[in-house]
Amino acid sequence: MSDAIEIKGLKKTYAGSGKAAPKEALKGIDLSIPRGSVFGLLGPNGAGKSTLINILAGLVVKTEGSVKIWGWDQDVNPRQSRASIGVMPQELNLDPFFTPRAALEVQAGLYGVPRAQRRSDELLEMLGLADKAHAYARTLSGGMRRRLLLGKALVHNPHILVLDEPTAGVDIGLRQMLWDNVRRLNQEEGKTIILTTHYLEEAEEMCDQIAIINQGEKIAQDTTANMLGRLDAKAMVIVPDHDVTTMPQGEGLDVSRRDDGALVIRYRSNTTTADRVLGAVREAGITIRDVKTEEADLEDVFLELTNTGRAHARG
Ligand code: ADP
Ligand code: MG
């Protein structure tokens with residue numbers, strides 16, 4: 001059986017306009033996404049995630065390479081490949097004059113879903129929008145718009161659901177609701193889910209496989225478990241009670257001093273315990289006023305995988 005998505009040598013160069021130079025957003029990506037998985041596409045802003053997803057959605061035209069969706073080559077079988085995938089875009093682009101119900105019906109019409117097979121009311125119910133079925137889109141909150149976009153991605157009951165930064169800037173309640181729906185669609189309806197996020201924790205919780213892209217190139221792909229094993233970097237920030245004269249030392253500890261006098265100690269949680277880090281601090285004769293630990297986040301991961309430098313201690 002084919003993979004849900006099979007991408008080979010995918011390139012995209014956006015033509016420059018006016019004084020803007022052309023931008024090579026994807027530099028030759030190979031990517032296979034197994035059927036039935038919840039797949040996380042991670043990367044910093046500008047990495048090319050939305051470009052890749054918008055190519056899958058048929059919203060952006062690729063420059064080079066091949067894209068197969070559910071076994072259908074996008075160029076050879078455009079209709080079948082389009083029918084296999086539903087995309088919830090990053091931008092909240094909704095026609096302000098359609099009610100949620102009308103927006104779903106119009107979308108279903110665009111996908112050629114026969115009236116008898118439409119499920120607008122079911123989707124509105126599922127997304128908690130039933131009582132807004134006939135409200136104008138422009139009166140909907142950001143969260144409601146996002147839910148409606150999810151509904152639009154599902155009107156044709158696609159095998160693959162793609163979510164581009166679904167939880168960027170949304171409140172906890174909506175985030176929970178989106179994730180509950182995504183889990184159910186995966187587990188009960190067997191849909192393959194592809195999502196982008198820059199919250200590592202979210203990817204960790206939701207995804208069974210992760211690919212990381214940076215500057216238009218895939219730099220890693222692995223199961224989430226393996227990936228996190230690589231990403232066990234932690235940092236402890238120590239606020240000393242006095243000027244530090246002797247820096248703490250120890251194998252596996254990477255110590256630096258911030259401008260404000262705090263010490264940032266980086267270590268790997270697989271091989272070093274927090275207790276050992278604190279021990280090294282005390283051995284250096286440092287009295288601790290305050291301490292906190294920071295998990296690796298995606299930024300650390302990138303810096304580590306791309307070897308471009310060291311993360312700044314945050315907060
Ligand atoms: P991401 O979703 O990972 O943040 P994008 O795919 O949106 O990244 O963007 C990748 C790169 O392509 C960025 O440098 C971005 O500025 C550029 N880009 C995206 N869309 C366009 C466009 N329509 N025209 C020109 N450049 C674009
Ligand atoms: Mg994006």
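First residue of the sequence shown? That's 1 in UniProt numbering, and the numbers climb one at a time after it.
Glycine included, every Cβ here is placed at the ideal spot set by N, Cα and C.
Please classify residue i as buried or exposed, where buried requires at least 16 other C-beta atoms within 10 Å of its C-beta.
| i | result |
| --- | --- |
| phenylalanine 39 | buried |
| glutamine 117 | exposed |
| valine 182 | buried |
| glutamine 249 | exposed |
| arginine 115 | exposed |
| serine 50 | buried |
| serine 17 | exposed |
| asparagine 45 | exposed |
| isoleucine 85 | buried |
| methionine 1 | exposed |
| residue 351 | Any answer about residue 351 is impossible in this case: the structure gives the chain only from 1 up to 315. |
| proline 100 | buried |
| serine 141 | exposed |
| valine 67 | buried |
| arginine 314 | Here arginine 314 scores only 37 on pLDDT, less than 50, and its place in the model should not be relied on; the value that follows carries that caveat. Exposed is the call here. |
| alanine 15 | exposed |
| isoleucine 194 | buried |
| glycine 216 | buried |
| leucine 59 | exposed |
| valine 87 | buried |
Would you list the one or two residues that DSSP bridges to residue i?
| i | result |
| --- | --- |
| asparagine 214 | Glu217 |
| isoleucine 193 | Val38 and Leu161 |
| arginine 268 | Ala233 |
| glycine 86 | Leu161 |
| glutamate 6 | Ser32 and Lys68 |
| arginine 257 | Leu263 |
| aspartate 73 | Lys68 |
| isoleucine 172 | Bridge partners of isoleucine 172: none, in fact. |
| threonine 293 | Met236 |
| lysine 23 | Tyr14 |
| isoleucine 288 | Pro240 |
| glutamine 209 | Phe39 and Thr223 |
For the putative contact between residue i and residue j, defined by C-beta atoms under 8 Å, what is the C-beta separation to the nearest angstrom?
| i | j | result |
| --- | --- | --- |
| leucine 163 | leucine 154 | In fact, because the Cβ distance is near 11 Å, the residues do not count as touching under 8 Å. |
| methionine 247 | valine 255 | 5 Å |
| lysine 294 | lysine 218 | Checking the displayed sequence, the identity of residue 294 turns out to be glutamate instead of lysine. Between lysine 218 and glutamate 294 the Cβ distance is about 27 Å, and since that is not below 8 Å, they are no contact. |
| leucine 52 | leucine 26 | 6 Å |
| leucine 253 | tyrosine 267 | 5 Å |
| leucine 127 | arginine 145 | Contact flag wrong, Cβ pair sits at about 11 Å. |
| aspartate 208 | threonine 192 | At roughly 11 Å, the Cβ-Cβ gap does not stay under 8 Å, so aspartate 208 and threonine 192 are not in contact. |
| histidine 156 | tyrosine 111 | 4 Å |
| proline 96 | arginine 138 | 4 Å |
| residue 334 | alanine 4 | Residue 334 lies beyond the range of the chain shown here (1 to 315); nothing can be said about it. |
| leucine 104 | glycine 151 | 6 Å |
| threonine 197 | leucine 31 | About 16 Å; that fails the 8 Å criterion. |
| glycine 9 | glycine 65 | 4 Å |
| leucine 178 | threonine 167 | 6 Å |
| methionine 227 | isoleucine 210 | 5 Å |
| glutamine 90 | glutamate 165 | 5 Å |
By DSSP, does residue i sit in helix, in strand, or in coil?
| i | result |
| --- | --- |
| lysine 49 | helix |
| alanine 311 | In this prediction, alanine 311 has a pLDDT of 40, which is less than 50 and means its spatial position is unreliable; what the coordinates show is noted afterwards. Coil at alanine 311, not helix or strand. |
| serine 81 | helix |
| leucine 56 | helix |
| threonine 223 | strand |
| threonine 13 | strand |
| lysine 62 | coil |
| glutamate 91 | coil |
| valine 239 | strand |
| glutamine 249 | coil |
| residue 335 | In this structure the chain extends from 1 to 315, so residue 335 is not present and cannot be described. |
| alanine 135 | coil |
| methionine 177 | helix |
| methionine 1 | coil |
How is the alpha helix (DSSP H) around residue i delimited, first residue to last?
| i | result |
| --- | --- |
| glutamine 117 | Neither: glutamine 117 is in no alpha helix (DSSP H) and is coded neither H nor E. |
| glutamate 105 | 100-110 |
| lysine 152 | 142-154 |
| glycine 43 | No alpha helix (DSSP H) contains glycine 43, which DSSP labels as neither H nor E. |
| aspartate 275 | 274-283 |
| glutamate 201 | 200-206 |
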